[in-house]
Structure formats: C-alpha cells, structure tokens
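In what follows, a single structure is set out as structure tokens and then discussed.
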Amino acid sequence: MIPEDTATRVLAAALDTGGDLAEIYVEDRTSLSLRLEDSKLEHAVRGKDRGAGVRVLFGPLAAYAYTDDLSEKSLLSAAQAAAAAASGKGKNLVIDLTHQPSPLEYPVVKPFDSLTVADKAQILHRMDETARGFDAHVSQVIAGYGELRRRVWIFNSEGLYVKDDRNIVEVRAMVLAQKNGVIQRAMEGFGGQMGMELFDAHDPMNLSLRLAEAAVKMLDARPAPAGEMTVVMDSGWGGVLFHEACGHAMEADFVSKGSSAYTGMVGQRVASPFVTAIDDGTIPGRRGSLRFDDDGTPASRTVLIEEGILKEYMWDLVEARRMNRDSTGNGRRQSFRHLPMPRMTNTYIAAGPHDPEEIIRSVKKGLYVKRLGGGQADIAKGDFVFSVTEGYLIEDGKLAEPVRGATLMGNGPEVLAEIDMVGNDFALDPGMGMCGKGQSARVSVGQPTVRIPRLTIGGTDEEIAGAMGL
Amino acid sequence: MTDYLQLAQDVVRRAAARGVEAEAIVVDEHETQVRVDGGQVEQLAQSGSKGLGVRVIEGGRVGYAFTSDLSPSSIEETWQAAASLAKVATADEYRALPDPQPISQEDLEIWDPELPQVPIEDKIAFTKQVEDAALAYDPRVVMTNRCTYQDVIAHIYLANSRGFAGTYDRTVAASFIIGIGRDEGSQTMAVGLDASNFYRDLNAQAIGQEAGRKAVEILGGQPVQTQTGTVVLDPTVSAEILAYLSMALTAEAMQRGRSFLVGKLGQEIGSDKVSLLDNGRLKRGLASAPFDGEGVPTSASRLIDEGVLQNVIYDTYTARIDGTVSTGNAQRDSHRGLPSLGPSNFYIQPGTLSHEELIAGVDRGLYVTNIMQTGGIDPINGDCSMGASGLWIENGELVRPVTGVTVATTLPDLLQNIVAVGADLRVVPFVGAIGAPTIRVEGMTIGGK
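As given, the protein sequences belong to chains A and B, one line each in that order.
Last residue of the first sequence: 470 (my numbering), numbering continuous.
Last residue of the second sequence: 919 (my numbering), numbering continuous.
See below:
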C-alpha cells in the first residue's frame, strides 16, 4: 500500500526527536452492510476507508497522528506531528525493513463477491419470510448481513514489516413477537473470518426459526425472581460472562496499573480446579483471530488459567515494553484512527468433566440461562451485570417456565472460585461477538455448560425468590 | 482550501443528471485526544480526516456509499456504488429526500472560536488537573484510569438534488476519568465526566472530584436484603435510563412495533411529574445543529406532557408515513452511515426540589449513584433491570454504602411511579445529549441478599 522506501523515510522522520520506537499502521477497509426490517431491504451501504497512523513511543508516552492521505508528504507531516511530543536527540537509526510472513492461514474459500449483492439481499428476505411463517404472533423481523475486509500493513523502526488480511462476514437477526400488548424479542447471529462458505456451515433459515420460536416462547414468560439463586449457564455464548467479568481484568493495562482484581496473582489459585481458561488468537475461521495483532506481534494462544491457577495476562506492545517482557499478541485497535490496547481475541473456558444433563438435574431450584444479552463489569472489584434474554426456571432438576426481565449480578473472581460443575460440552459462540472497551473489537467467546452455586438475580418478582426459600 | 459544499453539490448534480435523487455529505474533522496517568502524558493523538457519503434514491429504493478518498475517480465510484446498491433495495413510496426549507440564522452557540486556538500544552495541563482533582479528593482515591481529554472540531457540508445546500461548524470538548477507591478489603471505581461545546465551560475540578467522591462514598458497601422500596436516582443514572426510554419515543419504533409505548399516543403513561422534551435548537446543546442529517431544520418537541404521551420524534421518512412533518431528528454522526432517527437534546423537565430535599423526604430507600447494565433496560418490551451501587437512606439521611444489588421495575411502572423530580438538571454526554435531574421513584424491587 505504501512503498518500503517511503516507510523507511517516514519512520526516520518520526524518530527525529529521540523517540524510542516509531511505527506506521496502514489500513484499507472495504465494507458492505445490508439491513432488512418491515419486510423491506432498506439499508444497503458500501464503504471504503483508508488511512495510516504514525505512532512514536517515548518513555511512557505514546504519541499518535493519523491521516487519510497516503502520500509521502502527508505521512511525513503525521510523523512530524507525532514526533513533536518527544523531546530528545535524533538517533539516525538505520532501518532495515524485512517482511515477515505469517504461518497462520485463514482461508477465504468463496470470496465475498462469489455471491451478488442481490443474492445476499435475497437471503435476508427469506429469513424474514421464514420467521413470519413460523407463528402468527411474530410481529417484526430485522435481519442484517455484513462483510468487512481489513487489510493492514505495519512497519516499525526495529525493522518489522508485516501484513494481515482480515475478512469478516456476519448475519444477525432480531425477531419480535406480540400478544395481548406484550412484546418480546430474540436476537442472535453467526459469522466468522471466512468467505461465503459461512453459508455451508450455517443455515440462516435455522437462525430465523430458532429466534421466532424463542420470541414466541418468551411471550408467556413470567417476571424473573429477585434475590440469590443457583444458575446454570448454557455452553457457547455463555462464555461472554467470563470475557466480561474476568477476561478484562486479565488485560495487561488494567493489571500493570494495579487497578485489576488479578494484579500480582500469577501462580495463585483464582478459580475452582475445574476451570481452565484460554485466549487463542490463532483459531481458523473465528472472528477474533489475527495473523499479527495491531502492534505487528504474531497472534498466539495464551493459557490464562490452568486448573484454577492464574498463569498469564494478555499483553500488548506498550504494556510489555513497560514490564520488559514479550507481548502475547493482544494489541488491537478499532481502526487506523485509534491507538492499540490490550484486548481479548477468542477467549474461552475449556471443557470439564460433567455431563450437562447431570448439571441441570443437580439443581433443585434455580435459573437456566439459555441466552445472555450484553454485560458489563467493574474491573477494579470484578462486579458484573448481565441481562438474560432467554431464561428458564429449574425446578426439581428439570427446566420449567420461561422468565423475563432477569439481570444476573455477581463478582467475577468469586464466581470463578465458586463454579462447581463444568460440562464436557464445550462450544464456541456462533460468531457475532463485539467487545467495547472504548474501541470496538470483534471477538469470540466460548464455554461448556457451567453451574454457579449462587448469583444475585435482579428480577421484579420478590415473591418467587421468597417462596423458593432464598 | 477545498470548497466541500461545492464538492457535495457537484456530486448530487451529476447523480441527478442520471435521473435519481441524491444527497451528499462531507464531514471534515480535526480531533485531539490526551490521556494522562500518574501525572504523565500517556497518550497524545492529533489528527484530521474527511470523507464523503452519498445517498441515492431511485424509485423509493435507497443505496448508500462512503469513502475517505476524495479524488475525482473515487468520488465518481462512490456515488455510482450508491446508485447500484439502490437497485437491490426494496421500493418504498415513502422514501424521499426532503424539500429545502429555510434555515434560521440564529446562533445556537455550538462553535467555540477559541477551541482551535487552544495550545496542546493547555489541554495537557487541563487533563492533569482532572487527575489531580480526583486524587486530591480523598487519600482513599488511590489511582485513576483513562483520564482523558478529547475535542472535535467539525465542519459539516450537506447538499441534495432538491436544492438544499447547507453547512455549519461545531466544536465539542469532553473529559472523562475513572477514579479507583481503595481501603482495607474494598475496592471501587466510579466515573467523572462532562462535555461542552465550549472549552472554557469544562471544569477540571468538578470532573475529577465527581470520580473521587463517587468511588470513595461506596467503599465498604454491602448488599441489603431483597425488598421493594423507594429509590432515588442520581442525575447520571436517570440520564442513562432516559437514553433507553428515548429509543421507545421515535416514530420508527412506533410504526414498527419496537416500542413498549405502541398505541399509547394521547394516553397517560406516567405520573404528572413527568414531562419530556427533545430540543435540537437548545443553545449550547451538545446535540444542537441548525439542520439535521438530511437538511431539515431542527425543532423542539414536547413528547410527554405531565404524564401524557403527546408526540414522538420524526425524520422525513417516518413523517411521510404518518402524514406529518419531520421534527428534524435525522441524526448522523459521520459520513460513514445513513441518517438515522434519534433524539437530539433530550431531557426531562426539572422540578423544584433540590437534590438534598429529594433525599430528605425518604424514610428508607436507596440512593443510586452508579448503575451497570447492558440490555437490562429494554425500550421494546419495557423491562428495566440493572446492577446498582449507592447509599442507603434512613430517615432522610445517607447512612451507609450499598454495593452488589440490583434494582428492577418495568419502564411503564417506572414512569407511573416517579413521585418527585429535582431541579438539578444535568446534561450527560451519553447516547447524544441526555439531560436529567435527581429523580425519586417508588416501588422498585431491590435485589440483594
């Protein structure tokens, strides 16, 4: 995208004031998004966005300037703007850029344009018809398709020159059902880092049917209880709870400043022995996977917790340099307009010993969480909150009626220590996870079925909890 | 300097020559961001970017394309991409661009002529003051996180093939900090933030102190027993709930059955203490602009008047469906997307009681200073449940910190059970510009031990 000799000159200019490290991040992104609502395809958007950012590290400072003009003149002026924040003597480094290929392969078997835009629109129309055909109570369908290609080139003054090519495709839908003035909804999606072969593995019509069924079922849901209960979380997307409540607290920026509950805990027991947790940025087909992270570090697999013992945090380049160690390849940024920071990639709790059926049977009274909505966690203390979008009461070891309006609240470190059953049914999510930490990043999560002996449920029905002896 | 309005007009002229309706927006922005940690600058980013977005409507079918590359060939490709995407969209007779209307020359005070002149050193000093104020609030504020100052200087150019051409400039300066509180066995975090169109309106002391105070006052907090009771919501908490409520008050949500308020127009949906307004022409309003994202003049609407649902907000499309006029609520935060219907400056009309009086009038209840939720407040089905922390109220006094509880109700019940609204209106830069005072609500379920 920019010639190597241009990169060399821009890096030299960026170090002109004594910076420790200079970097150019070039990005070219093309996107297509389609959205259907009210049985009409009404949003059809194509985008092209291209630019570069120059970063200069100088002691604890990261100075950054970006531009959407890739001419050498414009890149040099970005380099000077970033360099202005440093205040030392130029180093006259000889920068010898060497392109380093990645051994990781994330193939795109059927390119995005192997289906026409009209074909993709047709999929959304059929999803709409399928959901509406399922039940007369289905009142609205929103279906979306998105594809994004991000090509990235990273050069730095230590001679690093790497490229990545990230192809993300996703399908999402929300189905609303209405009866007697009550509106309920169900929402989900699937996707991955691949091409149109996504549709060989996932049938969008199945998604439509599942969501229509869930939305209609929730029409009869009763208000969720309030108070403490045993909770069983479904496999796959349920892993978002670990991501929010524990994963963020294992990101090096929170850890190295001492603001994380996990600061200084490596080697110590932080979870029940059934819990092994991993961040793996190298899984083919997953949306959190990278060849190189946005600092240019090769993506890797990092065991965070092994049988309950904290092993490692997730590091980006800046935090790793601060601690004089290697990055784990977790530096990510939303676009060339942003500075990288430590982020998760594909993060999951590994399979355990228990039969998922047995886990449900073991609960006399509790809540089975089939689908979680979004969540939020407080890094300092580890408290988290999640909304449950599809949940069922468990009575005498069996799934009972659906409940609405449930919020789960607990403390991440406490929950990890208390998880007392971990299923053998490990699954990754269907591939629509988006993480927000000031910047958005595509991620995957996963887990088997797990049992948490005690969580606070924030429903409105004080009586149910009371009647259950809680 | 390139004349971007001319560029936008040229694009729509060329597209219109092919017999389609077209609209072009150019956004030219300059951003600065400073982040400080432990008295040192940790991040410093300064940049400019610009881009073009083109909406084409052909026979009621809409296509959109955008680019950051303003070379002649890229501009040509962009509008043609929009025109070709329109062919796959569904024809909808209500999709059309608005006719040009006169735009008032009234000064909305959204441009700070000083901001472009403020040296970066001043912004760095400001950010350090925010951090100092948080740390100085109390020795138990042990550190801060993400102490940030950010500003945007933007120039917006919009033209459409019906003859609209308009431009305006705006500035926004904002600051944000997380304070971390710690004492024996307890750690907390809390946010301080503010935003304004005017650099001088930002108060570093107030932002830092808010984070420090809110982090320290909940140290050592414990859950309470599960119960139903009175809850007093801090303005930042009220504003977050209002932000979700605003999503239920759009014509789109009504027309498409995505609002718990469907079919309630003209009905009493809340207590007489509840009046809600949306005003895109508020002076020094963070979301104020002379015209909206499709060139319609902005306006003020009273959505809920003393508990009665009077109106919803409209863009051109939803107004045509209902046979009414747009309220100028087509929002657009960049050239990278279609305009979408949403609130501008959205706020609950303040009452007469002070914050202290609102708390003093409570026998037993929870004063909520911080909530955590994602999706727990649902403008579609009306569920409203969130994690909360704050202070327990007994006989009108704040007696002890509370953490680790949930508070829940439904949005219809919440509106009916608002018994008092404070005078301390505060605008929170959250999902646009949402304004709320302290609010007292009866009958919420507090989930704890």
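Idealized CB from N, CA, C, for every residue including glycine.
Nothing here was measured: the structure is a model prediction, and the numbers come from that model.
Under the three-state DSSP convention, the category residue i falls into
i, result
"B/V481", "helix"
"A/P453", "strand"
"A/V472", "Absent from the structure is residue 472 of chain A, since the part of chain A shown begins at 1 and ends at 470."
"B/F816", "strand"
"A/N206", "helix"
"A/K219", "Before going on, a small fix: residue 219 of chain A reads as Leu here, not Lys. In this structure, A/L219 counts as coil in the three-state DSSP scheme."
"B/L689", "coil"
"B/M724", "helix"
"A/S139", "strand"
"B/K684", "helix"
"B/Q920", "With chain B running from 471 to 919 in the structure shown, residue 920 of chain B is simply not present."
"A/I95", "coil"
"B/L735", "coil"
"A/V338", "Going by the sequence as given, residue 338 of chain A is His instead of Val. In this structure, A/H338 counts as coil in the three-state DSSP scheme."
"B/Q675", "helix"
"A/P273", "coil"
"B/Q657", "strand"
"B/R640", "strand"
Close Cβ partners of residue i (< 8 Å) along its chain, the five nearest in sequence each way excluded
i, result
"A/P273", "E307, G308"
"A/M434", "S440, A441, R442, V443"
"B/R772", "S745, L746, L747, Q780, N781"
Range of the contiguous alpha helix (DSSP H) that encloses residue i
i, result
"A/F58", "It is not in any alpha helix (DSSP H) - A/F58 instead sits in the beta strand (DSSP E) that spans 40–58."
"B/P542", "542–556"
"A/P356", "356–361"
"B/L808", "B/L808 -> no alpha helix (DSSP H), and no H or E assigned at all."
"A/M187", "That residue, A/M187, is in no alpha helix (DSSP H); its beta strand (DSSP E) goes 182–193."
"A/V318", "317–322"
Close beta carbons around residue i, own chain, < 6 Å, minus the five adjacent residues each side
i, result
"B/G857", "M842, T876"
"A/N411", "G382, D383"
"B/E912", "T700, N887, V889"
"B/I580", "R640, N667, S758"
"B/A904", "Contrary to the premise, residue 904 of chain B reads as Ile rather than Ala in this sequence. Answer for B/I904: A709, L712, A713, F816, V898, listed in chain order."
"A/H43", "R35"
"B/A566", "none"
Sheet register partners of residue i (DSSP bridge)
i, result
"A/Y25", "A/G53, A/I154"
"B/G835", "B/T700, B/I863"
"A/V255", "Looking at the DSSP assignment, A/V255 forms no beta bridge with any residue, so it has no partner."
"B/A906", "B/R896"
"A/C246", "None, per the DSSP bridge assignment."
"B/F536", "A/G47, B/G523"
"A/V369", "A/M233, A/G391"
"A/D16", "Looking at the DSSP assignment, A/D16 forms no beta bridge with any residue, so it has no partner."
"A/N167", "A/R149"
"A/S260", "A/S260 is not bridged to any residue."
"A/V385", "A/Q376, A/M409"
Extent of the continuous beta strand (DSSP E) run through residue i
i, result
"A/V445", "440–447"
"A/E306", "301–306"
"A/H125", "From DSSP, A/H125 is part of no beta strand (DSSP E) but of the alpha helix (DSSP H) over 117–134."
"B/F596", "Careful: B/F596 lies outside any beta strand (DSSP E), inside the alpha helix (DSSP H) at 590–607."
"B/I623", "611–630"
Proximal residues to residue i (C-beta, below 7 Å), its chain only, five neighbours per side dropped
i, result
"A/H137", "A177, Q178, K179, V216, L219"
"B/Q695", "G918, K919"
"A/L470", "For A/L470, the predicted structure reports a pLDDT of 29, less than 50, and the residue's modelled location is therefore unreliable. A value from the coordinates is still provided. Closer than 7 Å at the Cβ level, and outside the excluded window around A/L470, lie G227, E228, M229."
"B/S769", "G750, R751, T797, G798"
"B/I545", "V481, L522"
"A/H338", "Q439"
query: Counting Cβ pairs closer than 8 Å, one from the stretch 231–250 of chain A and one from the stretch 344–357 of chain A, do we hit at least three?
result: Contact annotation: the stretch 231–250 of chain A touches the stretch 344–357 of chain A, with at least three C-beta pairs closer than 8 Å.
task: Check whether the stretch 738–750 of chain B touches the stretch 764–778 of chain B, taking contact to mean three or more Cβ pairs, one atom from each stretch, closer than 8 Å.
output: Segments in contact, yes.
- request: State whether the stretch 325–338 of chain A contacts the stretch 187–200 of chain A, with contact taken as three or more CB pairs (one from each stretch) at a distance under 8 Å.
  value: Taking 8 Å as the limit for Cβ pairs, the verdict is that the stretch 187–200 of chain A does not touch the stretch 325–338 of chain A.
field: contact_flag[the stretch 551–561 of chain B, the stretch 475–492 of chain B] where n(CB pairs < 8 Å) is 3 or more
entry: yes
query: Does the stretch 11–20 of chain A come within contact of the stretch 72–92 of chain A, defined as at least 3 CB pairs closer than 8 Å?
result: yes
message: Count Cβ pairs between the stretch 700–711 of chain B and the stretch 832–849 of chain B that sit closer than 8 Å; are there 3 or more?
response: yes
query: Would the stretch 861–876 of chain B and the stretch 792–799 of chain B be scored as touching if the rule is three or more Cβ pairs under 8 Å?
result: no
message: Using a Cβ distance threshold of 8 Å, determine whether the stretch 119–137 of chain A contacts the stretch 93–109 of chain A, with at least three qualifying pairs required.
response: no
field: Stretch-stretch touch, CB-based, cutoff 8 Å, three pairs: the stretch 47–65 of chain A with the stretch 21–32 of chain A
entry: yes
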